[in-house]
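Working notes, structure below.
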Amino acid sequence: MGGEGWTHTGPYGPDLAAAFRQAQDEELARDDRGFPGRSVTELWREPEWIDRVLTGGTRTVLDFPLMLEAADPHDGPFLRPLTDAEVRAWAPGGRPTHEEWAAALGSGRLAFPARGQGNCTVLFHDGVPVAIGYWGVTSD
0 MGGEGWTHTG
10 PYGPDLAAAF
20 RQAQDEELAR
30 DDRGFPGRSV
40 TELWREPEWI
50 DRVLTGGTRT
60 VLDFPLMLEA
70 ADPHDGPFLR
80 PLTDAEVRAW
90 APGGRPTHEE
100 WAAALGSGRL
110 AFPARGQGNC
120 TVLFHDGVPV
130 AIGYWGVTSD
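Just so we're aligned, residue 0 is where the sequence shown starts under numbering that gives the first Met the number 0, counting upward by one.
The structure is reproduced here in structure tokens:
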């Protein structure tokens with residue numbers, strides 16, 4: 000198989016790593032994927048969970064154990080926020096709206112990452128941060 004792209008939006012928070020964890024907690028509360036009563040941290044200690052993510056994934060923010068720094072060059076399975084320069088490449092004003100983000104992904108101006116990796120960026124409405132856009136590709 001070749002990996003499957005996905006997108007998701009989650010709540011904004013000035014601490015992107017904390018907002019990512021909140022988005023993961025909300026997704027896990029919606030669907031525990033057959034692993035009831037476990038936190039995201041506990042899931043990533045379960046060999047069965049790791050196998051599931053690496054062979055099919057959830058197509059959500061649950062596919063990543065942690066968020067790297069924007070400039071970190073490591074491969075997945077990790078989530079990495081875009082750098083300011085990467086955002087400005089497809090949103091010249093540096094404050095992309097949800098619509099600009101979706102259009103950039105749909106047109107290919109904003110690429111999906113490699114298999115088993117994800118990216119995120121803050122999304123704005125009237126210049127105010129309101130959400131975080133997440134996108135990635137499954138490992139399978």
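In this text, a Cβ means the ideal position worked out from N, Cα and C, and glycines have one as well.
Cβ-based neighbour list, Tyr11, same chain, cut-off 8 angstroms, excluding 5 preceding and 5 following: Position 12 of the sequence shown, counted from the start, is the residue given in the question as residue 11. Ala18, Val121, Leu122, Pro128, Val129, Ala130, Ile131.
For Asp83, which residues in the same chain have their Cβ closer than 7 angstroms to its Cβ, ignoring the five residues on either side in sequence? Here residue 83 corresponds to residue number 84 of the sequence shown, with the count starting at 1. Cβ within range, chain order: Gly93.
Does the distance from the C-beta atom of Val39 to that of Gln23 stay below 8 angstroms? The residue labelled residue 39 in the question sits at position 40 within the sequence shown. The residue labelled residue 23 in the question sits at position 24 within the sequence shown. Yes, these two residues count as a Cβ contact at 8 angstroms.
Quick check on this structure: which residue in Leu61, Gly135, Gly56, Ala16 has the alpha carbon closest to the alpha carbon of Ala113? In the sequence shown, counting from the first residue as 1, residue 113 sits at position 114. Ranking the options by Cα distance to Ala113, first place goes to Gly135.
Classification of Asp145 by the beta-carbon crowding that lies within 10 angstroms, buried from 16 upward: Residue 145 lies beyond the range of the chain shown here (0 to 139); nothing can be said about it.
Thinking Glu26 and Leu61 are a contact (beta carbons under 8 angstroms), I'd like their distance in whole angstroms, please. Counting from one through the sequence shown, the residue named residue 26 turns up at place 27. Counting from one through the sequence shown, the residue named residue 61 turns up at place 62. Going by Cβ atoms, the distance from Glu26 to Leu61 rounds to 6 angstroms, so yes, they are a contact pair.
Are Gly2 and Ser106 close, meaning C-beta to C-beta below 8 angstroms? Mapped onto the sequence shown, residue 2 falls at position 3. Mapped onto the sequence shown, residue 106 falls at position 107. Against a cut-off of 8 angstroms, the Cβ pair of Ser106 and Gly2 comes out as no contact.
Look at the alpha carbon of Leu104 and the alpha carbon of Pro72, and state the distance between them as a whole number of angstroms. Sequence index remark: in the sequence shown, residue 104 carries index 105 (1-based). Sequence index remark: in the sequence shown, residue 72 carries index 73 (1-based). Roughly 21 angstroms between the two C-alpha positions.
Quick check on DSSP: helix, strand or coil for Thr57? Mapped onto the sequence shown, residue 57 falls at position 58. It is coil, neither helix nor strand.
Enumerated in chain order, which unbroken segments of the alpha helix (DSSP H) with a length of 4 residues or greater are wholly contained in the region 4 to 52? 15 to 29, 39 to 42
For Gln116 and Pro76, believed in contact at Cβ under 8 angstroms, the rounded distance: Residue numbering aside, residue 76 sits at position 77 when the sequence shown is read from its first letter. Residue numbering aside, residue 116 sits at position 117 when the sequence shown is read from its first letter. Yes, they are in contact, since the Cβ atoms of Pro76 and Gln116 sit about 7 angstroms apart, within 8 angstroms.
Just to confirm my understanding: we take Leu81, look at its own chain, exclude 5 residues before and 5 after, and list those with CB closer than 8 angstroms. What are they? On the sequence shown, position 82 is the one that residue 81 refers to. Only Ala69, Asn118, Cys119, Thr120 meet the Cβ criterion.
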